[in-house]
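Peer 1: Heads up, the sequence shown is in the UniProt record's numbering, so the first residue is 1 and it goes up one at a time. The beta carbon of each residue, even a glycine, is placed where N, CA and C say it ideally should be. Please read all numbers here as calculations on a predicted model, not as lab measurements.
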Amino acid sequence: MWLQQRLKGLPGLLSSSWARRMLIGFLVFLIFYWYLSSDGALRLFSGLGQSGGPSGQCLQTEIHRWKSLVDRGEGIYTTSQEKVVTPFISGNGHFLVDIDSNKLWVASSFQPGSAPVHQTEYSPIVSVHVPGKRAEAQATMLWFRKGAVLSVRCILPGGTGSSGSARDCLTVREEFIAHRSRPNIYLQRIHVNNPSERVATLEVSTELPSFGSKFSASVEKVEDREVVLSSGRVVLPEKNQMVLVVVATKKLGSRIQVAAKSEYIESVVSVVWTSEPIDSAKQEDTFTRLREGAKKELGELLRANIEDLVQDHQQAWVDLFISGVEMRKITDSHTPSSVTVNTTLYYILSASPAPLLDRRLGADERARLESSLNYADHCFSGHATMHAENLWPERVSSVAQVLQLVTLWTLTLQKRGCKVLVAAGAHGVMQGVVLSFGGLSFNENHLQFQADPDVLHNSYALRGIHYNQDLINLAVLLDAEGKPFLHVSVKPQEKPVALYACEAGCLNEPVELTSSLVEAKGHVFPVMVTQPITPLLYISTDLRHLQDLRHTLHLKAILAHEEHMAKQYPGLPFLFWFSVASLITLFHLFLFKLIYNEYCGPGAKPLFRSKMTEWIQSYACNLRKRSETLKRQRHLAEDLLHQMLPKTVAKQLRQQKHVEAESYEKVTIFFSDIVGFTSISASCTPLQVVEMLNNLYMCFDTRIDSYDVYKVETIGDAYMVVSGLPERNGDKHADEIAKMSLDLVAAVRQVAIPHMPNKRLQLRAGIHTGPCVAGIVGYKMPRYCLFGDTVNTASRMESTSL
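#1: Which whole-angstrom value is the C-beta distance of residue 116 and residue 96, which I expect to be below 8 Å?
#2: Out of 594, 205, 319 and 468, state which residue places its alpha-carbon closest to the alpha-carbon of residue 124.
#3: Report buried or exposed for residue 465, applying the criterion of at least 16 other Cβ atoms within 10 angstroms of its Cβ.
#4: Shortest alpha-carbon distance to residue 139 belongs to which of 637, 73, 628 and 55?
#5: Give the single residue among 57, 72, 107 and 144 whose Cα lies nearest to the Cα of residue 87.
#6: Considering only their Cβ atoms, is the gap separating residue 774 from residue 662 smaller than 7 Å?
#7: Applying the 10 Å Cβ sphere with the 16-neighbour rule, what's the burial state of residue 416?
#8: Could you give the uninterrupted runs of the beta strand (DSSP E) lying entirely in the segment 200-276, keeping only those of 3 residues or more?
#9: Going by beta-carbon coordinates alone, are residue 649 and residue 722 separated by less than 7 Å?
#10: Could you tell me which of 24, 119, 526 and 665 sits nearest to residue 103, measuring between CA atoms?
#11: Exposed or buried, what is residue 50 when buried is set at 16 or more other beta-carbons lying within 10 Å of its beta-carbon?
#12: What runs of the alpha helix (DSSP H), each 4 residues or longer, lie entirely inside the segment 316-373?
#13: Counting beta carbon pairs with one atom in the segment 366-377 and one in the segment 421-431, are three or more of them shorter than 8 Å?
#14: Using a Cβ distance threshold of 8 Å, determine whether the segment 354-361 contacts the segment 375-384, with at least three qualifying pairs required.
#15: Please classify residue 342 as buried or exposed, where buried requires at least 16 other C-beta atoms within 10 Å of its C-beta.
#16: Considering only C-alpha positions, which residue in the set 712, 513, 766 and 537 is nearest to residue 452?
#17: Give me the Cα-Cα distance between residue 227 and residue 251, rounded to the nearest whole angstrom.
#18: According to DSSP, which residues form a beta bridge with residue 419?
#19: Counting only the same chain and skipping the five closest in sequence on each side, list residues whose C-beta sits under 7 Å from that of residue 299.
#20: For residue 408, which residues of its own chain have a beta-carbon under 8 Å away from its beta-carbon, when the five flanking residues on both sides are left out?
#21: Identify every residue that forms a DSSP beta bridge with residue 793.
#22: Is it buried or exposed, residue 332, if we count other Cβ atoms within 10 angstroms and call 16 or more buried?
#23: Do you know how far the Cα of residue 658 is from the Cα of residue 445?
#24: Could you give the DSSP three-state label for residue 798: helix, strand or coil?
#25: Among the candidates 152, 135 and 105, whose CA atom is the shortest distance from the CA of residue 127?
#26: Check whether the segment 182-193 and the segment 256-273 are in contact - that is, three or more C-beta pairs closer than 8 Å.
#27: Label residue 622 either buried or exposed according to how many other C-beta atoms from any shown protein chain fall within 10 Å of its C-beta, with 16 as the threshold for buried.
#28: Quick one, are the C-beta atoms of residue 708 and residue 729 less than 7 Å apart?
#29: In the DSSP assignment, the beta strand (DSSP E) including residue 67 goes from what residue to what residue?
#30: Going straight from the alpha carbon of residue 175 to that of residue 558, what length do you get?
#31: What does DSSP give as the partner residues of residue 828 in its beta bridges?
#32: Can you give the Cα-Cα distance for residue 792 and residue 717, rounded to whole angstroms?
#33: If you reduce the DSSP assignment to three classes, tell me which class residue 380 lands in.
#34: For the ligand GDP, I want to know if residue 55 counts as a neighbour, meaning its beta carbon is within less than 6 Å of at least one of the ligand's heavy atoms.
#35: Reducing DSSP to helix, strand and coil, say where residue 171 ends up.
#36: Going by beta-carbon coordinates alone, are residue 755 and residue 790 separated by less than 7 Å?
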């Protein structure tokens, strides 16, 4: 009652104008507040900031070139409007450049397993900027497979000569490379594009060491070129030692002038030399040795082709990423995404030295390291690291966290039997990470895949697994029903060795993976789960070893993966479902009793009973009428369909079956048309032609009902009839068509032309008997058509008759 009274008073309250204004204002405030708090508003504002202005429009064009790489998971990028909190670094294990903070990090050891963990006070990046600029938009990309950081800046110059449009924007592209195969080289490539009509002036500067810094710089000449020689040290208080650092850099001028509608390209080459930890007493001698070595190497680089250096660097990173992890379909929140996996792999490789890429490595040492990659015994032991969130962090916000992550990975691999791989440098670390991700392990003459069968609901691929100089690709895939299966392929090297594989239990005969048939498209293995749990897949070069292995596993049972999962997660107990069903049943019984007592019980009023009875009777009557109407409409639709198609064909189409074409050995086909129809049509209007043909065909349709024939179609004045199909009638077809033809010839004389009362129609007919094929043609407005020489002959008989 209270609510009804308040609702009745609501129209009176809203009758005043101030109340309506207050209500409208409150609703607008709610909508505005909701919109501001949503992600859509944030995206809108960020999009306006990004695309607004000439510099933002120019930057959007540059970023569009990166989109495909980012979508494939081969890189990440950030802009001033769309911040990505992750370090943009370029490293090679010997040193590391933090692009965001413009700092150089160096390693204290040249041995594999060490990382550039010491931050120096040296700033390696050469800054290029436009004085008096109006606006600037910047984007930075981390390109994993090229091992580089790319930067694009779109700058709108100031001054009175600038129109302020996107056509006047200077584009400054920079690429930062810590060379992968020549560990002392750092390269910064600068490309300035000036599309405007005036000369552009840019200032070049470097961040100089501050007062009291541990670094000093001097300008010297190397082969008649000026170079900047920076020297400094990193103190190691825990060891009471220091690491000396010398950087030799090609010196640039303080200004760059780019002519109108032209480009400027420059490569800033630097050489970074560091020492092992030394005592202070050896400082001067070590500095002298490092300076001489850095100047000598820089002199060689100044004579070298920069493009060749870049190609060598990019090819080295491509070789490193021959091995890797590909995330294809993720179904839970605990599995790392493709971006997380590739970013982590890039950070690990950037902080790991690669002795196999060093040209100074001796042949014997190279052979030893390569052999250690081909069979890492007892690596990786333990459970898979795929769901170890501290090894695959979604967010890394600083270089220090990157180095902590690399240290954690190195420690994990060393403690899990992969010391040999870690000692092989970046190639070995990548191999160990791939093995650990899926739970792969080298053990007693075979490689085994021992992933947890309960977590195989994600689809991923492990590529480039070294085994006796062959590269194995292993993928966990899902079929259409979500059931996992294993796909294995091999990329053999120059001297391939036969590889064999079998699924869990090895009950089936091992498959040769290196055979020409299997090698082309790989082999699929089902996921079988044993009791007790054993590896899901075995790969070995020894066929006899795999054949003997089945007798040593001593299994109780082998189940398909779906059967194992059904046993592991049988669902809620029977008692729970029985209780729910009982409660639902009791509730409906109680509800039915309440309704019955209210309207039909002993205490119910007669009015309620009569109303209920009346309502039920009315509902039943309406239902009966609707059923009869629906029945009549269905009959009408079927009659109309049977006039267009044979009954048997219409029945198959209603059942959504495919109607196959059918061959008939003997049928008789009738064709007819009107003599002089063209001249008659020329003297009539289109409506008169339609009326004339309608009268004629209505007469024909009435007459052919008396014969065992089927009307196929009418095309203009042509009338086509067949006997002997769709229902076969033996040899009666010719007789039926002949009698029908005589009847139609006689009937056409009785058809009058309303607008030509003195004109009489004449019929020309053709008949032929023989075999034909009948079937449905088309999906929309399907037609029942006849095909064969019999049809063509009957048509020619009609067209050549008198």
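Peer 2: On the basis of the supplied data:
#1: Contact between residue 116 and residue 96 holds: their C-beta atoms lie close to 4 Å from each other, under 8 Å.
#2: It is 205.
#3: Taking all protein chains in view, the Cβ of residue 465 is crowded by 16 or more other Cβ atoms within 10 Å, so the residue is classified as buried.
#4: Ranking the options by Cα distance to residue 139, first place goes to 55.
#5: It is 144.
#6: Judged by beta-carbon spacing, residue 774 lies within the 7 Å limit of residue 662, meaning their Cβ atoms are closer than that value.
#7: When all chains shown are included, residue 416 counts as buried.
#8: Correct list: 200-206, 215-222, 225-236, 241-250, 255-258 and 262-274.
#9: No. Outside cutoff.
#10: Closest option to residue 103, Cα to Cα, is 119.
#11: At residue 50, the pLDDT of 42 sits below 50, so the modelled position is not reliable; the number obtained from the coordinates is stated separately. With 16 or more other Cβ atoms within 10 Å, it is buried.
#12: Within the segment 316-373, the runs of alpha helix (DSSP H) that reach at least 4 residues and sit entirely inside it are, in chain order, 338-350.
#13: Segments in contact, yes.
#14: By the C-beta criterion, the segment 354-361 is judged not to be in contact with the segment 375-384, since fewer than 3 inter-stretch pairs fall below 8 Å.
#15: With a threshold of 16 other beta carbon atoms within 10 Å, residue 342 meets it and is buried.
#16: Of the candidates 712, 513, 766 and 537, the one whose C-alpha sits nearest the C-alpha of residue 452 is 537.
#17: One C-alpha to the other measures close to 5 Å.
#18: Its beta-bridge partners do not exist; DSSP assigns none.
#19: 222 and 223.
#20: Counting only Cβ-Cβ distances below 8 Å, and skipping sequence neighbours, we find 390 and 391.
#21: For residue 793, which the question treats as bridged, DSSP gives no partner whatsoever.
#22: By the Cβ neighbour-count rule, residue 332 is exposed, with fewer than 16 other Cβ atoms within 10 Å of its own.
#23: Take the alpha-carbon of residue 445 and the one of residue 658: they are about 56 Å apart.
#24: Helix at residue 798.
#25: Closest in alpha carbon position to residue 127, among 152, 135 and 105, is 152.
#26: With a cut-off of 8 Å, the segment 256-273 and the segment 182-193 count as touching, because enough Cβ pairs lie within range.
#27: Around the beta carbon of residue 622, fewer than 16 other beta carbons lie within 10 angstroms, which makes this residue exposed.
#28: Yes, these two residues count as a Cβ contact at 7 Å.
#29: Note, residue 67: premise wrong, no beta strand (DSSP E); alpha helix (DSSP H) at 67-71.
#30: If you take the alpha carbons of residue 175 and residue 558, they lie about 55 Å apart.
#31: The requested residue 828 is not part of the displayed model; the chain covers only 1 to 802.
#32: Approximately 17 Å between the Cα atoms of the pair.
#33: In the structure shown, residue 380 sits in coil (DSSP, three-state: anything other than H, G, I, E or B).
#34: Among the components modelled here there is no ligand, and therefore nothing to report on the ligand GDP.
#35: Looking at residue 171 - three-state DSSP - the assignment turns out to be strand.
#36: No.
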